[in-house]
Structures are given as C-alpha cells and as structure tokens.
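In our numbering, the protein residues as written are 3 to 58.
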C-alpha cells in the first residue's frame, strides 16, 4: 500500500480485512520484527512514530 518514514526508518502500510485495521512493520531490520497498527492512517502514523527507535 505504501510506506511511512520517520528518523531515517521506513515502515510498511498494510490493511487487514479480517481485523478491519491498518498495520505495518519497520523495514530493514535484520534481527527484529517491530509492528504497529491503527484504525486510521493518522493512528497508524502516530503508533509508528511512538516506537522507541533508539532501543534497536
């Protein structure tokens, strides 16, 4: 669907018809799989930007 960008990181944007929500994962991480979700694009973006990017 698209991508989000924040602090040099990119994240996917997908839609789950089964759960009726948007979700994604941070791209380019070799050892971790970090996900986020929201019911709207605004919520999805907020959840993505609230991740603790310094923790990886």
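We put the CB at the ideal spot given by N, CA and C, even for glycine.
Given residue i as reference, the closest of the options once Cα atoms are compared
i: residue 53; options: 26, 18, 4; result: 26
i: residue 24; options: 39, 49, 44; result: 39
Sub-9 angstroms separation of residue i and residue j beta-carbons
i: residue 13; j: residue 29; result: yes
i: residue 50; j: residue 8; result: yes
Residue(s) in a DSSP beta bridge with residue i
i: residue 106; result: The question about residue 106 has no answer here: the residues shown for the chain are numbered 3 through 58.
i: residue 18; result: 23
i: residue 6; result: 13
i: residue 39; result: 25
Burial state of residue i (16 or more Cβ within 10 Å)
i: residue 46; result: buried
i: residue 31; result: exposed
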